[in-house]
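In what follows, a structure is listed as structure tokens, so that the remarks can point back to it.
Residue numbers (my numbering): 30 to 185.
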């Protein structure tokens, strides 16, 4: 498996082990969970948001939906979903709809739903539709250091 260049460089720079879980091609994080036999609430997915010219990456569990208003209130910003064409530019080398939830690798600020912060194992979208990256909870918490943590999702 080949990671997008910026994501690979980030993992290398931070000496994070690259443990991947291969699965048949899927189109949603929930499908990835099912085919990889991983609980959907343990998959972190990224949602790119925009406020004027600035971006924010919301990191949420795959089994939940973003409450945009709650996140906007938490951040003190007026946020909207970023257009798909802009996503492809920000996440160069990634497949459309396969946003890796690693904001720092792409120079972005982030907000992480608190539901992900107490897990023993977390799986990340890898930038394609065929692999997940497996991290321990401790590694994931190190990865999101500096992110805004809050409750801004609801069951999907």
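C-beta: ideal position from N, C-alpha, C; glycine also.
Is the separation between the beta-carbon of residue 5 and that of residue 160 shorter than 7 angstroms? Missing from the structure shown is residue 5; the chain here goes from 30 to 185 and no further.
Have a look at residue 133 and residue 148 and give me their C-alpha separation to the nearest angstrom. As a first step, residue 133 must be located in the chain shown, where it is residue number 104. As a first step, residue 148 must be located in the chain shown, where it is residue number 119. Using only the alpha carbons, I get a separation of about 20 angstroms.
With hydrogens ignored, establish whether the beta-carbon of residue 107 is closer than 6 angstroms to any heavy atom of the ligand PLP. The model depicted lacks the ligand PLP and carries no ligand whatsoever.
6 angstroms Cβ shell around residue 122 - same chain, five flanking residues per side excluded: Indexing the chain shown from 1 puts residue 122 at position 93. 33 and 34, listed in sequence order.
Output the residue ranges of the alpha helix (DSSP H) runs that lie fully inside the stretch 44 to 87 and measure 4 residues or longer, sorted by chain position. Entirely contained in the stretch 44 to 87, the alpha helix (DSSP H) runs reaching 4 residues are, in chain order, 58 to 65.
Every unbroken beta strand (DSSP E) within the stretch 75 to 147, with a cutoff of 3 residues, ordered by chain: Fully enclosed beta strand (DSSP E) runs of 3 or longer: 83 to 90, 93 to 95 and 138 to 142.
Could you check whether the Cβ of residue 160 sits closer than 7 angstroms to any Cβ belonging to chain D? Any reference to chain D falls outside this structure, which holds one protein chain only.
Can the beta-carbon of residue 138 be found closer than 7 angstroms to that of residue 77? For the purposes of this step, residue 138 is taken as the residue at position 109 of the chain shown. For the purposes of this step, residue 77 is taken as the residue at position 48 of the chain shown. Judged by their CB atoms, residue 138 and residue 77 are not nearer to each other than the 7 angstroms cut-off.
What residue range does the beta strand (DSSP E) around residue 171 cover? For this step, residue 171 is matched to residue 142 along the chain shown. Note, residue 171: premise wrong, no beta strand (DSSP E); alpha helix (DSSP H) at 166 to 172.
Where residue 182 sits in the DSSP three-state scheme: The sequence position of residue 182 within the chain shown is 153, counting from 1. Secondary structure at residue 182: strand, using DSSP grouped into helix, strand and coil.
Taking one C-beta from the stretch 100 to 113 and one from the stretch 163 to 182 each time, how about it: are there three or more such pairs within less than 8 angstroms? Because the criterion of three Cβ pairs below 8 angstroms is met, the stretch 100 to 113 and the stretch 163 to 182 touch.
CB contact flag (residue 128, residue 135, <7 angstroms): Taking the chain shown and counting its residues from 1, one reaches residue 128 at position 99. Taking the chain shown and counting its residues from 1, one reaches residue 135 at position 106. Cβ distance not < 7 angstroms, so residue 128 and residue 135 don't count as in contact.
Starting from residue 41, trace the alpha helix (DSSP H) in both directions and tell me its first and last residue. To locate residue 41, count along the chain shown from 1; it is residue 12. Boundaries of the alpha helix (DSSP H) harbouring residue 41: 34 to 42, taken from the DSSP string.
C-alpha distance - residue 38 paired with residue 150, whole-angstrom precision: Within the chain shown, residue 38 is the residue found at index 9, counting from 1. Within the chain shown, residue 150 is the residue found at index 121, counting from 1. Answer to the nearest angstrom: the Cα atoms are 22 angstroms apart.
Residue 176 and residue 141 closer than 7 angstroms at C-beta: Sequence index remark: in the chain shown, residue 176 carries index 147 (1-based). Sequence index remark: in the chain shown, residue 141 carries index 112 (1-based). Contact flag set, yes.
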